[in-house]
Structures are given as C-alpha cells and as structure tokens.
Amino acid sequence: MALKFIVMVGPAGSGKSTLTMQLASAMESLGATVVKVNFDPAEDKPPYEPDVDVRDYVTAEEFMEKGLGPNGALVSAIDSLINHVDKVREEVEQFRPDYVIVDTPGQLEPFAYRVGGPLVLDALIQDDKAVTVFLMDSVFFESPADIVSILTLASSVNVRLRRPQVNVISKADLLSPEVVNNVLPMLHEEGYLEAAVRDSKVLSGTELNLSLSLARALYEAGYIGEILPVSAYDDVSLKELYGKVQEVLEGGDDYRIYDVDEDQGD
C-alpha cells in the first residue's frame with residue numbers, strides 16, 4: 001500500500017522525539033491516523049510509545065556487548081537494519097495510516113553521513129511520498145555565524161537524504177524577541193545574512209570569508225527560503241507544520257481541516 005512519510009532529522013538535542021510525539025498528537029486531533037516509528041536502535045526511552053520500534057529487531061546495545069563503543073555500535077545497528085526493514089515496513093502497513101512519522105537516531109552523523117542510514121531509510125520508504133523535517137535548535141539563531149552554520153548543515157542533510165525538506169526552528173518559544181521581530185523576517189532578503197555576519201564582528205580572516213561565502217551560496221541556491229518556527233507545546237505552530245507537510249506531500253489539496261486564523265479567533 002502507498003504510504004506518506006514524515007522523517008524527523010536533526011542534531012542531537014534538537015527535539016526530534018518530542019516533536020514526533022507532539023506533532024502526531026496534533027495531527028490525530030485533526031482526524032489523521034498516524035504511526036510513530038522509532039528508528040533509533042540506540043534509543044533508551046522515547047517520550048512516547050512507538051507504534052513500530054526498530055529495537056524489536058536490533059539494538060545498539062547488542063553490538064556494545066560485543067565490544068564496540070557507542071558510536072560504532074550505533075553504526076553497526078543501523079547497517080544491520082537493512083536485514084529487518086521489510087518487517088518494519090510490514091508492521092507499518094498493518095496500521096493503514098494516513099501518515100508515518102519516522103523518528104531518526106539522536107546522533108545525526110552516524111545516520112545521515114554513513115552509507116547505511118540513507119540506504120535503510122530508502123528501503124523503508126520505497127517509492128512512496130516522503131518529506132524530511134530538519135530541526136534546527138533555536139539557540140543557533142541568536143548569532144549570524146551560527147545561522148550560517150546550521151543552514152549549511154541542513155542543506156548538507158538535504159543532499160544526503162535527497163528528499164523534499166522542511167526546515168524548522170525547534171524550541172521556537174525560546175527565541176529572543178530580537179530574532180523573532182527583526183532577524184527571521186529578513187533572512188530571505190538578498191545580502192542580509194552576509195551583512196549580519198560581517199556586522200557581528202565575531203569572525204575574522206578565513207572563518208569570516210568562509211561564512212560569507214557559505215551565506216552567499218545558500219542564498220544563491222535558493223536555500224534561505226521559508227524557515228518555520230515551531231514549539232512542540234504550541235498547537236498553532238504544530239498545525240502550521242502539519243499544513244506545510246501536507247503542502248509538500250499533497251500539494252495542499254486536503255489541507256482544509258484546520259484554519260489557523262479561525263482557530264486563533266476562537
């Protein structure tokens with residue numbers, strides 16, 4: 001059967017599991033059926049009850065018991081998932097869900113930057129529709145140089161996973177008023193990020209030149225587009241994210257079940 005996947009990706013501590021839980025809840029409150037997949041074989045205790053859990057097939061702990069360190073064990077566990085991903089897919093299909101949210105490993109690098117991670121993800125998704133949601137911790141948006149850094153990482157992951165990607169600022173409730181009112185509205189303007197990096201006077205020499213070049217490249221590639229601030233505990237932002245996901249997966253055609261302005265007026 002055809003499925004629609006939402007793949008949560010981001011650096012450690014960016015809030016992937018919490019957003020998985022809260023986004024699923026928001027979607028279900030609007031009538032969608034959602035399957036939550038824990039795709040992290042090293043996860044100790046996710047904040048939600050997974051509907052499908054790769055730890056039923058393989059765990060990083062098994063490889064640590066063989067003498068591997070935490071990172072090596074995670075890499076080996078992800079690689080070995082290829083032998084079980086068909087069964088994971090079968091479990092998901094049994095639910096016949098509207099959407100599948102895949103909560104990827106907390107450690108981004110062993111998943112996105114090794115051969116096994118994208119390979120296993122492709123095997124799970126097959127030819128179905130999928131969108132990557134890349135989480136950028138709000139702490140990175142307090143400094144222009146950090147903005148360049150996290151957007152560069154987001155673009156790199158986009159290239160690695162090769163799927164439509166929605167970039168979100170997680171923990172958006174922690175953003176300063178300065179960032180909300182003056183920085184985010186201007187990010188997409190030509191030359192803004194370069195000027196902000198230069199004016200901050202934090203970098204110099206090679207680091208400054210590199211950051212300026214990256215900022216320019218991100219803009220010229222059209223990568224500094226819509227960046228969605230999201231708080232896992234704010235229903236409006238969660239439903240806005242749901243709407244953006246639907247826009248990517250459905251062309252927006254079925255996004256008629258929720259009106260942000262109407263809800264705010266209640």
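One point on numbering: in full-length UniProt numbering, the residue at position 26 of the sequence shown is 26, and numbering is uninterrupted.
Backbone N, C-alpha and C define an ideal beta-carbon position, used for all residues, glycine too.
Here the structure is a predicted model, which is why all the values come from computation and not from measurement.
Length of the line joining the Cα atoms of residue i and residue j
| i | j | result |
| --- | --- | --- |
| Pro46 | Gly205 | 43 angstroms |
| Lys129 | Asp98 | 12 angstroms |
| Val197 | Val58 | 44 angstroms |
| residue 268 | Leu119 | As shown, the chain starts at 1 and ends at 266. That puts residue 268 outside it, with no answer to give. |
| Ser231 | Phe63 | 35 angstroms |
| residue 271 | Thr104 | What is shown of the chain runs 1 to 266, which leaves residue 271 out entirely. |
| Leu153 | Val159 | 10 angstroms |
| Ser25 | Lys201 | 43 angstroms |
| Asp127 | His84 | 18 angstroms |
| Gln246 | Leu121 | 20 angstroms |
| Arg162 | Gly10 | 15 angstroms |
| Gly252 | Gly67 | For Gly252, the pLDDT reaches just 47, beneath the cut-off of 50, and the residue's location in the model is therefore unreliable, although a value from the coordinates is still provided. Distance between the alpha carbons of Gly252 and Gly67: 49 angstroms. |
| Pro229 | Gln94 | 34 angstroms |
| Gly15 | Leu241 | 15 angstroms |
Cβ neighbour criterion (16 or more within 10 Å) applied to residue i
| i | result |
| --- | --- |
| Val248 | buried |
| Ser17 | buried |
| Ala60 | buried |
| Asp40 | buried |
| Met186 | exposed |
| Arg55 | buried |
| Tyr113 | exposed |
Reference residue i; option with closest CA among the options
| i | options | result |
| --- | --- | --- |
| Tyr223 | Ile101, Leu214, Ser138 and Asp98 | Leu214 |
| Asp86 | Ser155, Leu124, Phe39 and Asp51 | Leu124 |
| Met1 | Ser237, Ser149, Val92 and Ser211 | Val92 |
| Asp51 | Leu161, Val34 and Leu212 | Val34 |
| Val157 | Pro177, Val115, Pro41 and Tyr192 | Val115 |
| Leu208 | Glu194, Ile169 and Lys244 | Glu194 |
| Glu49 | Asp234, Ile101, Glu142 and Leu203 | Ile101 |
| Asp235 | Leu19, Arg55 and Ala221 | Leu19 |
| Tyr219 | Leu151, Gly243 and Arg162 | Leu151 |
| Ala217 | Ser155, Glu142 and Ser14 | Ser155 |
| Gln107 | Ile169, Gly13, Leu203 and Leu23 | Gly13 |
| Leu203 | Glu90, Glu65, Ile6 and Val148 | Val148 |
| Lys36 | Ile6, Gly69 and Glu65 | Ile6 |
Other residues of its chain near residue i: CB distance less than 8 angstroms, five sequence neighbours each side excluded
| i | result |
| --- | --- |
| Pro110 | Asn71, Leu74, Val75, Ile78 and Gly117 |
Proximity test, Cβ basis, 9 angstroms: residue i and chain B
| i | result |
| --- | --- |
| Gly117 | The chain inventory of the structure shown lacks chain B, comprising one protein chain alone. |
Contacts around residue i, its chain only, beta-carbon distance under 7 angstroms, and the 5 residues preceding and following it disregarded
| i | result |
| --- | --- |
| residue 277 | Since the first residue of the chain shown is 1 and the last is 266, residue 277 is not available in this structure. |
| Gly225 | His188 |
Own chain partners of residue i with C-beta closer than 6 angstroms, once the 5 adjacent residues on each side are dropped
| i | result |
| --- | --- |
| Lys4 | Tyr99, Lys129 and Leu249 |
| Gln165 | Thr132, Phe134 and Asn158 |
| Ser143 | none |
Sufficient close CB pairs (3 or more, under 8 angstroms) joining the region 131 to 144 to the region 165 to 177: yes
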